[in-house]
Amino acid sequence: MDDQTLQTQNRFLVRQRVRLMVNQYEVHTEAPGGGEGELVAFAQQKRLAFKEQVTLYADTDKKRPVFGFKARKRIDLGASYDVTDAAGQPIGVFRKDFKKSLLRSTWHLEQPGLGVATGSERNPTVAVLRRVWEFIPFLENLPFAWPYHFDFRAGDQVVFSVEKKFALRDRYVVDIRDPNLDRRLVIAQAVALDALQSR
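In short: position in the sequence shown from 1, add 783, done, that's the working numbering.
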């Protein structure tokens with residue numbers, strides 16, 4: 784999918800695939816009827832990387848990189864992540880708010896010219912339950928994913944949301960309400976919500 788067409792999309796479906804040493808993410812448009820449509824991005828994240836870097840490709844063969852994100856520092860709980868296109872040109876930045884995330888995960892996303900949008904879990908009860916679940920050793924490794932819903936706001940307006948569905952494997956629905964948001968930045972943030980959530 785070319786970038787011009789990508790920027791007209793308002794909903795994406797993100798699916799995680801767990802492999803031996805990596806997590807893989809497929810990002811699709813939504814087809815008529817609610818199923819997965821065209822693949823728009825594919826990402827592969829190495830587990831236990833000291834300096835996080837994720838490249839998103841146009842296809843699962845990883846022949847054509849289209850954009851990606853990279854941490855500015857090694858092992859930093861409040862690190863900023865730069866999102867760039869295939870040529871290395873900046874698209875935007877996101878970072879986890881470590882202090883606020885102790886009870887309720889919170890992220891800040893910034894796109895040049897649009898200012899900052901802040902996303903946090905909509906339901907504080909689910910946020911607490913997720914944390915309790917992660918502290919119980921034998922439950923942590925079960926193929927079960929607690930659902931959650933992030934709303935990213937600029938002022939009083941929700942500009943996009945990411946909803947993690949109740950499922951055995953991680954599945955997300957990304958809804959974009961602000962037509963000015965760069966879809967690549969939103970997709971990078973949606974992948975990061977899963978890939979970096981426990982960091």
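Even for Gly, the Cβ is constructed at its ideal location relative to N, Cα and C.
Practice problem: Can you grab the Cα-Cα spacing for the pair Thr954 / Lys948, in whole Å? | Solution: In the sequence as displayed, the identity of residue 954 is Arg instead of Thr. Roughly 6 Å separates the two Cα atoms.
Practice problem: Between the Cα of Leu767 and those of Ala971, Ser863 and Arg798, spot the shortest distance and give me the residue it belongs to. | Solution: Residue 767 cannot be examined here, being either before or after the span of the chain that is shown, 784 to 982.
Self-check item: Member of Gly871, Lys883 and Glu893 whose CA lies at the smallest distance from the CA of Phe877
Solution: Glu893
Exercise. Look up Leu796 in the DSSP assignment and say whether it is helix, strand or coil.
Key: Residue state, collapsed to three classes: strand.
Quiz prompt | Nonlocal neighbours in the same chain, by C-beta distance under 6 Å from Tyr807, ignoring five residues either side | solution = The sequence given here has Gln at residue 807, not Tyr. Cβ neighbours of Gln807 beyond the five flanking positions: Arg800 and Gln827.
Exercise. Between the Cα of Val823 and those of Asp934, Thr812 and Lys879, spot the shortest distance and give me the residue it belongs to.
Key: Thr812
Self-check item: Residue from Lys856, Pro848, Phe881 and Lys883 whose Cα sits closest to the Cα of Thr867
Solution: Pro848
Self-check item: Separation of Leu976 from Met804, as counted between CA atoms
Solution: 19 Å
Quiz item: Does DSSP classify Lys829 as helix, strand or coil?
Solution: Note: Lys829 maps to strand in three-state DSSP.
Exercise. Report buried or exposed for Phe881, applying the criterion of at least 16 other Cβ atoms within 10 angstroms of its Cβ.
Key: Exposed, by the Cβ-count rule.
Quiz item: Under a three-way DSSP split, which group does Arg954 fall into?
Solution: strand
Exercise. Kindly identify the DSSP beta-bridge partner or partners of Leu742.
Key: Outside the displayed range of the chain (784 to 982) lies residue 742, so it cannot be described from this structure.
Self-check item: Asn793 CB to nearest heavy atom of the ligand ZN below 8 Å
Solution: In the structure on display, the ligand ZN does not appear, and there are no ligands present to speak of.
Self-check item: Euclidean distance between Cα positions of Gly816 and Lys856
Solution: 42 Å
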